[in-house]
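What follows is one structure encoded as structure tokens, with my remarks underneath.
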Amino acid sequence: MKRTLLYRTISYSLLPAFSIRFILVQRAYQMCAISKTICTLKPRAMKTFVRLTLFVAVLVLSVDSHSQANANLNQGLVFKNPTLITAATTDLKVGAIYLFKGVKSKVNATVKIDSLVNGAKVNKIDDNSVGLGYTAAFQPEIKIPAGSGSSYAVFTISFQDSLTGASQVMNSVQGTAVDIDGNLLLKEMVEMDMGGGTATYSNVGLEISVLQLLVTKFRGLNVLGIEHSGLDTASTGNMYTVSKANVSSFTVKMGAVTIASPSVDRQFSLYMKGFNYANAISLPVKLVSFTATLNNNNKVDLNWVTASEINVSHFDVERSTDGVNFNQVAMVFAYGNTTENKTYSIVNDISDVKTGIVYYRLRSVDIDGKSLYSQIRIIRPGKQSDLLNLVMYPNPATSELRVTVPSAWQNKPVMLEVYSLNGQKMKAMQNSASGQTETIAVTDLANGFYLLKASCGSESVQQKFIKK
71 MKRTLLYRTI SYSLLPAFSI RFILVQRAYQ MCAISKTICT LKPRAMKTFV
121 RLTLFVAVLV LSVDSHSQAN ANLNQGLVFK NPTLITAATT DLKVGAIYLF
171 KGVKSKVNAT VKIDSLVNGA KVNKIDDNSV GLGYTAAFQP EIKIPAGSGS
221 SYAVFTISFQ DSLTGASQVM NSVQGTAVDI DGNLLLKEMV EMDMGGGTAT
271 YSNVGLEISV LQLLVTKFRG LNVLGIEHSG LDTASTGNMY TVSKANVSSF
321 TVKMGAVTIA SPSVDRQFSL YMKGFNYANA ISLPVKLVSF TATLNNNNKV
371 DLNWVTASEI NVSHFDVERS TDGVNFNQVA MVFAYGNTTE NKTYSIVNDI
421 SDVKTGIVYY RLRSVDIDGK SLYSQIRIIR PGKQSDLLNL VMYPNPATSE
471 LRVTVPSAWQ NKPVMLEVYS LNGQKMKAMQ NSASGQTETI AVTDLANGFY
521 LLKASCGSES VQQKFIKK
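In this text, residue positions in the sequence shown follow our numbering: the first is 71, and each later residue adds one.
So this is what it looks like as structure tokens:
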């Protein structure tokens, strides 16, 4: 992928009897004073970096058309000058952790490379730290391999108290994915998972598709394939913002979907700041929770809570016995338009179900027919002693393994550990308040058989899975 720099020669009258000529590089401004010497102009926010050597005998002035955007950005979180805090051998590899000091007063942040999927590589953890791009944004450069498919890097961003190092819960976090562009062969993608929240974007000149996935995630995917020459916060048609209260950590995926594309290096940008959008719209429903609980009468209590509804028609409750084919078992009309928390509940009889596992999901339907699915909830009919087991999917797993823990463990501390078959511990993760389904990255594991052990207090259960 190559981009062409456009040059304009413009006359500006700075005083009534004085004018000066300068060269303005579109969307890429950098001070460069020269006098009959060679000047190399270096774009500050280009995804494919091009140097042009010019013989010039004038004064080149820098004009920052984004001064207001930068002023706004400084009010958010500032990510710059990262330091690798894991072993030097981990640099730019899975498991590497980088410290960003002072993202906010008395707050530090770490960025961990969780996984690299389908051949994606991290070339630079933060381009702006070496003078390219906006200094306040987190801007990794990612190599997308040649071929067709979906390749991406997964990062976990966590906040800590700068004095004690303890986990820091931020009252409010806003993350803006900027310049999600592409071309005929490549479409960029940025996905954020803050555990919920709201996604906001512009309905003017929209170049991306913004979707809510599994309740907690939002994905912006380029659809028009229009290549832009730089990172431009004024180009709101290919950016979106996720906002969430009470966040201590979140994940972000950055990558691309390709069709017979050559290998390319792409620069991504995540501003930890909100922006104003013309004709701003939000996704139609904000689902706070969806739960399924087996009661003592062979019935399942299904409950869900929404925090906001915009033009929502109704909810479909769907059930499956194989996790693939779902059928509607109930329909509940929505309040339609509200910004207040609304609670819904139904009871579903499963006395006629013969399988050992029942799957539920919730489908919210907008008045124009658009729909959104929740995360899948799992019920295991049978005796209480039979409930202490795990459900893992997909199995075999390639990048992520989702683990559904026993219902009695939910909202309790749960430890997940992965062992090789010879007993070597490969990785571990702990959640102080487990949800029904936890996700563990397995991209860095070699192909083969592994044992997953899940523990909660004095109880533990283990099960084999395959990394493919």
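Glycine included, each C-beta is placed from N, C-alpha and C at the ideal position.
| From Pro466, Asp419, Ser220, Leu154, pick the residue whose C-alpha is nearest to that of Lys369; which is it? | Stepping through the sequence shown from its first residue, residue 369 is reached at position 299. The residue with the shortest Cα to Cα distance from Lys369 is Asp419.
| Ordered along the chain, which non-local residues of its own chain (more than five positions away) have a Cβ less than 6 Å from that of Tyr414? | Locating residue 414 in the sequence shown gives position 344, where the first residue counts as 1. So the list reads Trp374, Val402, once near-sequence residues are dropped.
| said: Restricting to Cα atoms, I'd like to know which of Asp302, Gly439, Gln480 is closest to Arg447. | reply: Within the sequence shown, residue 447 is the residue found at index 377, counting from 1. With distances taken between Cα atoms, Arg447 lies closest to Gln480.
| Those runs of the beta strand (DSSP E) which lie wholly inside the region 379 to 454 and span at least 3 residues | 382 to 390, 397 to 403, 412 to 419, 428 to 436, 441 to 443, 447 to 449
| field | Coil, strand or helix - Thr156 by DSSP | value | Position 86 of the sequence shown holds residue 156. The answer is coil: DSSP assigns Thr156 none of H, G, I, E or B.
| request: Determine, using beta carbons only, whether Tyr405 and Glu379 come nearer to each other than 7 Å. | output: As a first step, residue 405 must be located in the sequence shown, where it is residue number 335. As a first step, residue 379 must be located in the sequence shown, where it is residue number 309. Yes, the Cβ-Cβ distance between Tyr405 and Glu379 is below 7 Å.
| query | How would you call Thr306, buried or exposed, if buried means at least 16 neighbouring beta carbons within 10 angstroms? | reply | Reading the sequence shown from its first residue, position 236 is the one you call residue 306. Buried: at least 16 other Cβ atoms inside 10 Å.
| request: Taking Ser175 as part of the beta strand (DSSP E), name the residues at either end of that continuous run. | output: Within the sequence shown, the letter at position 105 stands for residue 175. That residue, Ser175, is in no beta strand (DSSP E); it is neither H nor E in DSSP.
| Just to confirm, are Asp184 and Ala511 a CB contact at a threshold of 7 Å? | In the sequence shown, the residue the question calls residue 184 occupies position 114. In the sequence shown, the residue the question calls residue 511 occupies position 441. Yes. Within cutoff.
| query | Should the region 218 to 234 be regarded as contacting the region 188 to 195, the criterion being three or more beta carbon pairs within less than 8 Å? | reply | yes
| query | Among the residues of its own chain, which have a CB less than 6 Å from the CB of Val461, if the five just before and after it don't count? | reply | Here residue 461 refers to the residue found at position 391 of the sequence shown. Here the set comprises Ile448, Thr474.
| said: Quick check on this structure: which residue in Thr321, Ser331, Ser313, Asp251 has the alpha carbon closest to the alpha carbon of Leu22? | reply: Residue 22 cannot be examined here, being either before or after the span of the chain that is shown, 71 to 538.
| How should Ala516 be labelled, buried or exposed, when 16 other C-beta atoms within 10 angstroms of its C-beta is the threshold for buried? | To locate residue 516, count along the sequence shown from 1; it is residue 446. Label assigned to Ala516: exposed.
| query | Given Ile167, which residues of its chain have a CB within under 6 Å of its CB, disregarding the five upstream and five downstream residues? | reply | Within the sequence shown, residue 167 is the residue found at index 97, counting from 1. Cβ neighbours of Ile167 beyond the five flanking positions: Ile155, Thr156, Thr180, Lys182.
| request: Note the first and the last residue of the continuous beta strand (DSSP E) segment covering Ile212. | output: Translated into positions along the sequence shown, residue 212 becomes position 142. 211 to 214 is the extent of the beta strand (DSSP E) around Ile212.
| query | Among the residues of its own chain, which have a CB less than 6 Å from the CB of Lys323, if the five just before and after it don't count? | reply | Residue numbering aside, residue 323 sits at position 253 when the sequence shown is read from its first letter. Here the set comprises Tyr222, Val224, Glu261.
| field | Cβ-based burial, Val417 [other Cβ within 10 Å; buried from 16] | value | Residue 417 sits at position 347 when you count from the first residue of the sequence shown. Exposed is the call here.
| request: Return the CA-CA distance between Ala330 and Leu254, expressed in angstroms with no decimal places. | output: By one-based count along the sequence shown, residue 330 stands at place 260. By one-based count along the sequence shown, residue 254 stands at place 184. Straight-line Cα distance between these residues: approximately 10 Å.
| Spatial distance of Tyr271 from Leu169 (CA atoms) | As a working mapping, residue 271 is identified with position 201 in the sequence shown. As a working mapping, residue 169 is identified with position 99 in the sequence shown. Looking at the two C-alpha atoms, the distance is approximately 30 Å.
| Supposed contact pair Asn349 and Val274 - C-beta distance, whole angstroms, cut 8 Å | On the sequence shown, residue 274 is found 204 positions in, with the first residue counted as 1. On the sequence shown, residue 349 is found 279 positions in, with the first residue counted as 1. The pair is a contact, with the Cβ atoms about 5 Å apart (cut-off 8 Å).
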